[in-house]
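S.K.:
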Amino acid sequence: MKGIGQRTAQKIIATLAGTRQLVVQARTRLCGVGLNDGSVLWSEPIQAYRNMNILTPFVLGNRVFTSARSGRSQCFEIDRDNGQWAVNEVWSQKVQGYMSSPVSDGKTIFLHSNSERLTALDARSGDILWTGRPMGGYQSLVGNDAVILALNSEGELMAVEPNRDRWNITDRAKVADDSWAYLG
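Position in the sequence shown (from 1) plus 227 gives the number in this note's numbering.
1) Cutting at 6 Å between CB atoms, please list the residues of its own chain near Gln366, excluding the five before and the five after it.
2) Sort Arg351, Ala350, Tyr409 and Met385 by Cα distance to Pro361 and report the nearest one.
3) Assuming contact is defined by CB atoms lying nearer than 9 Å, are Cys302 and Gly333 in contact in what I supplied?
4) Run the CB neighbour count on Gln248, radius 10 Å, all protein chains shown included, and call it buried at 16 or more, exposed below.
5) Would you tell me roughly how many angstroms separate the C-alpha atoms of Leu202 and Asp405, rounded to the nearest one?
6) Any idea which residues DSSP pairs Asn379 with across the strands?
7) In the DSSP assignment, find the unbroken beta strand (DSSP E) run with Ile355 in it and report its ends.
8) So the candidates are Asp398, Ser266, Gly363 and Asn315; which of them puts its Cα closest to the Cα of Pro389?
9) Please report the residue range of the beta strand (DSSP E) in which Ile305 lies.
10) How about Pro329 and Leu282: are their beta carbons less than 9 Å apart?
11) Does the Cβ of Arg234 have 16 or more other Cβ atoms within 10 Å, making it buried, or fewer, making it exposed?
12) Terminal residues of the continuous beta strand (DSSP E) containing Gly259?
13) Do Leu257 and Glu271 have their C-beta atoms within less than 9 Å of each other?
14) Report the CB separation of Gln320 from Leu348 in whole angstroms; it is logged as a contact under 8 Å.
15) Only counting the same chain, and skipping five residues up and downstream in sequence, which positions put a Cβ closer than 7 Å to that of Val314?
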């Protein structure tokens, strides 16, 4: 899955509208920050649950995807014209991400929602492609082209096929009594 190796904590370094920058999801804002001087290049208000956001946003081209519990999933296009930054919402979806960062193959966004289900969204339109059965209150997700690994709060590690057409767990193993760990 493209971009996974670049993600850390609540930030990502990416090139948007031709400018390399740090993309930060703060408590109530999504921002682009200049790498040389720390200046805020662009900023967009986002919803927050109890004044906090947990997901790591990620970049697809000139778009930034994020989601908030008790909010919604959103995709923004970042542009710059004559030195002026512009942030435009491309799509918004009712699915609410919950405490774990989604993964993407560039065409599909796989998101653990607050309904405890893994949901696949079309990255271009935001359409829901499928929603799986409940998989646990918390999921830590990592992935590559062949598999998404999901570790849930019950300590179950699942291998999920990264398929935009159907939900399919290909393997599972109990690895702990409980876990709120981040797979990294």
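All C-beta atoms, glycine included, are put in the ideal place defined by N, C-alpha and C.
M.R.: So, to answer that:
1) Closer than 6 Å at the Cβ level, and outside the excluded window around Gln366, lie Ser327, His339, Ala377 and Asn379.
2) In terms of Cα proximity to Pro361, the closest of Arg351, Ala350, Tyr409 and Met385 is Met385.
3) Against a cut-off of 9 Å, the Cβ pair of Gly333 and Cys302 comes out as no contact.
4) Looking at its Cβ environment, which holds 16 or more other Cβ atoms inside 10 Å, Gln248 is buried.
5) No answer is possible for residue 202: the residues shown for the chain start at 228 and end at 411.
6) For Asn379, which the question treats as bridged, DSSP gives the partners Gln366.
7) Run containing Ile355: Ile355 to Pro361, per the beta strand (DSSP E) assignment.
8) Nearest Cα to Pro389 within the set Asp398, Ser266, Gly363 and Asn315: Asp398.
9) Where Ile305 is concerned, the enclosing beta strand (DSSP E) stretches over Ser300 to Asp308.
10) Contact: yes.
11) In this prediction, Arg234 scores a pLDDT of 32, lower than 50, which makes its location untrustworthy; the coordinate-derived value is nonetheless stated afterwards. Arg234 is buried by the Cβ-count criterion.
12) Judged by DSSP secondary structure, Gly259 falls within the beta strand (DSSP E) whose first and last residues are Arg256 to Gly261.
13) Result yes, Cβ atoms of Leu257 and Glu271 sit closer than 9 Å.
14) That belief holds up - the Cβ atoms of Gln320 and Leu348 are roughly 6 Å apart, short of 8 Å.
15) Taken in chain order, the residues that qualify are Trp269, Glu271, Phe303 and Ile305.
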